[in-house]
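Worksheet for the structure shown next.
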Amino acid sequence: MSQLVLTGIGDYAQNVRLEQQPELTVGPDDVLLQMEAAPINPVDNLFSNGWYAVQPQVPSFIGSEGVGRVRTIGAAVDPTLAGRRVVILGSYEQGAWADQVVVPARNVVAVPEGIDATQLSMLTINPITAHLMLTRYVDLKPGDWIAQTLGNSAVARSVITLARIAGVRTLSVVRSEKAAEEARAAGGDLVLVDGDDLAERTASALAGQRLRLVLDGAGGSTAGALATGLEPGGTVVSYSSATGEPPVLPLGSLVYGELSLRGLWVVNWFHTAPRAEIEKVVADLVDLVAGGELVVPVDSTYPLHRYAEAFARNASPERTGKVLFTFDTTGA
Ligand SMILES: NC(=O)c1ccc[n+]([C@@H]2O[C@H](COP(=O)([O-])OP(=O)(O)OC[C@H]3O[C@@H](n4cnc5c(N)ncnc54)[C@H](OP(=O)(O)O)[C@@H]3O)[C@@H](O)[C@H]2O)c1
Numbered sequence: 001m002s003q004l005v006l007t008g009i010g011d012y013a014q015n016v017r018l019e020q021q022p023e024l025t026v027g028p029d030d031v032l033l034q035m036e037a038a039p040i041n042p043v044d045n046l047f048s049n050g051w052y053a054v055q056p057q058v059p060s061f062i063g064s065e066g067v068g069r070v071r072t073i074g075a076a077v078d079p080t081l082a083g084r085r086v087v088i089l090g091s092y093e094q095g096a097w098a099d100q101v102v103v104p105a106r107n108v109v110a111v112p113e114g115i116d117a118t119q120l121s122m123l124t125i126n127p128i129t130a131h132l133m134l135t136r137y138v139d140l141k142p143g144d145w146i147a148q149t150l151g152n153s154a155v156a157r158s159v160i161t162l163a164r165i166a167g168v169r170t171l172s173v174v175r176s177e178k179a180a181e182e183a184r185a186a187g188g189d190l191v192l193v194d195g196d197d198l199a200e201r202t203a204s205a206l207a208g209q210r211l212r213l214v215l216d217g218a219g220g221s222t223a224g225a226l227a228t229g230l231e232p233g234g235t236v237v238s239y240s241s242a243t244g245e246p247p248v249l250p251l252g253s254l255v256y257g258e259l260s261l262r263g264l265w266v267v268n269w270f271h272t273a274p275r276a277e278i279e280k281v282v283a284d285l286v287d288l289v290a291g292g293e294l295v296v297p298v299d300s301t302y303p304l305h306r307y308a309e310a311f312a313r314n315a316s317p318e319r320t321g322k323v324l325f326t327f328d329t330t331g332a
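FYI, in our numbering the residues of the sequence shown are 1 to 332.
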């Protein structure tokens with residue numbers, strides 16, 4: 001089997017090499033997958049740099065999530081999983097940038113045939129994060145407004161889709177006009193480009209209505225500007241920081257508005273949610289993918305051995321969607 005191996009801590013583009021591994025050992029609670037597709041996600045950069053909650057022990061596997069087919073099952077695994085197509089829950093206990101991967105069976109969920117592999121491969125991290133942010137913190141009702149940073153990201157696109165299905169309206173903040181076009185094309189109700197007067201423009205765009213929830217993946221002051229539009233007692237959920245800064249909320253909004261700041265890491269949910277709940281959430285999201293409602297744009301796909309080109313494209317400002325590895329499954 002072929003696997004990208006992280007050989008040092010730092011940018012993965014400088015620290016992975018393609019290795020041919022001998023036959024993999026499948027433990028009693030494991031499954032061996034023949035991979036179909038695996039995306040490049042921002043978390044892979046956090047992981048390779050040692051900035052993620054899961055630390056790499058080099059030489060290490062790498063690659064956060066994906067879709068594949070069960071080729072071998074361990075002695076203690078439910079036999080009905082044999083031969084099934086499955087998605088990997090992106091908990092970083094296994095590396096998806098490989099043509100074959102051994103995964104604990106609890107980290108896979110069976111999915112149907114006949115659905116685009118690239119979309120399925122991106123299901124468990126970003127869409128589930130969007131689902132959790134829209135359901136765990138505030139009891140959102142049709143007509144409510146929420147706001148989010150990173151408005152053109154894959155997470156934000158899933159938020160826009162799931163919010164629209166629930167009748168909830170979205171204000172998405174981006175950092176360029178190009179990104180604003182992307183967020184509008186994804187169905188965002190209001191889209192604003194970040195800037196010094198974001199709080200004033202947010203108030204003006206909402207025309208007297210208050211936000212019920214702010215979702216922040218950017219860090220720094222952007223979520224703080226949005227927080228000025230929150231209802232009293234409103235909630236900010238921090239799920240990442242593209243700037244590297246913690247979210248900064250205006251003291252007056254935080255104190256007089258009695259705001260709550262919450263954190264979310266989807267991996268905690270993978271580890272603690274009842275299995276039936278995980279399977280239901282995955283099944284509901286798969287239905288949306290199958291129906292063409294939940295779509296993440298694919299910029300490009302590469303075979304594993306062209307990883308250097310894939311990484312360069314992923315880092316390019318020209319990129320317009322996700323870059324993924326896809327695997328030849330014809331002979332598998
Ligand atoms: N907490 C969790 O459990 C969890 C789960 C899922 C994802 N995440 C995190 O969510 C974030 C988004 O993931 P994704 O897969 O949706 O990413 P993505 O589709 O690759 O999009 C990246 C986004 O980050 C923006 N960005 C990049 N550098 C930035 C900077 N310096 N300042 C402000 N914005 C910047 C990009 O804006 P441009 O297009 O303008 O460059 C784009 O909106 C990542 O940080 C990821 O690790 C966290």
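The beta carbon of each residue, even a glycine, is placed where N, CA and C say it ideally should be. Only a predicted model underlies this, so the values are computations on that prediction, with no experimental measurement involved.
Inter-residue spacing [alpha-carbon to alpha-carbon] between residue i and residue j
{"i": "D328", "j": "T235", "result": "45 angstroms"}
{"i": "R71", "j": "K178", "result": "43 angstroms"}
{"i": "T118", "j": "Y256", "result": "46 angstroms"}
{"i": "G224", "j": "V295", "result": "29 angstroms"}
{"i": "V109", "j": "P250", "result": "42 angstroms"}
{"i": "L311", "j": "L150", "result": "The residue you asked about is not Leu; residue 311 is Phe in the sequence shown. Roughly 21 angstroms between the two C-alpha positions."}
{"i": "I128", "j": "R201", "result": "30 angstroms"}
{"i": "T161", "j": "L285", "result": "11 angstroms"}
{"i": "R319", "j": "R313", "result": "7 angstroms"}
{"i": "A147", "j": "E309", "result": "35 angstroms"}
{"i": "I115", "j": "P297", "result": "15 angstroms"}
{"i": "S121", "j": "Y137", "result": "27 angstroms"}
{"i": "Y302", "j": "K322", "result": "11 angstroms"}
{"i": "W269", "j": "A283", "result": "16 angstroms"}
{"i": "Q100", "j": "L213", "result": "41 angstroms"}
{"i": "L337", "j": "L192", "result": "Because the chain in this structure spans residues 1 to 332, residue 337 falls outside the shown range and cannot be described."}
{"i": "W145", "j": "L230", "result": "9 angstroms"}
{"i": "V237", "j": "R306", "result": "37 angstroms"}
{"i": "P247", "j": "D194", "result": "15 angstroms"}
{"i": "A218", "j": "T330", "result": "41 angstroms"}
{"i": "V174", "j": "N152", "result": "6 angstroms"}
{"i": "V266", "j": "S2", "result": "28 angstroms"}
{"i": "R157", "j": "V31", "result": "31 angstroms"}
{"i": "I88", "j": "T124", "result": "7 angstroms"}
{"i": "N15", "j": "A242", "result": "21 angstroms"}
{"i": "V102", "j": "P317", "result": "34 angstroms"}
{"i": "A105", "j": "D78", "result": "9 angstroms"}
Host alpha helix (DSSP H) of residue i (start-end)
{"i": "Y307", "result": "307 to 315"}
{"i": "A13", "result": "12 to 15"}
{"i": "L198", "result": "198 to 206"}
Where residue i falls: helix, strand or coil (DSSP)
{"i": "S238", "result": "strand"}
{"i": "D189", "result": "coil"}
{"i": "V174", "result": "strand"}
{"i": "R169", "result": "strand"}
Residue range of the unbroken beta strand (DSSP E) whose run includes residue i
{"i": "D216", "result": "211 to 216"}
{"i": "T326", "result": "322 to 326"}
{"i": "S300", "result": "298 to 302"}
{"i": "V295", "result": "Note, V295: premise wrong, no beta strand (DSSP E); not H, not E."}
Any alpha helix (DSSP H) of 4 or more consecutive residues that is wholly inside the region 81 to 158 = 117 to 121, 126 to 135
For the region 222 to 284, which segments carrying the beta strand (DSSP E) assignment without a break, of at least 3 residues, lie completely within its bounds, in sequence order?
-> Counting only runs of 3 or more, we get 230 to 238, 260 to 263.
At what residue ranges does the region 11 to 77 contain a whole run of the beta strand (DSSP E), taking only runs of 3 or more?
-> 16 to 20, 30 to 39, 66 to 73
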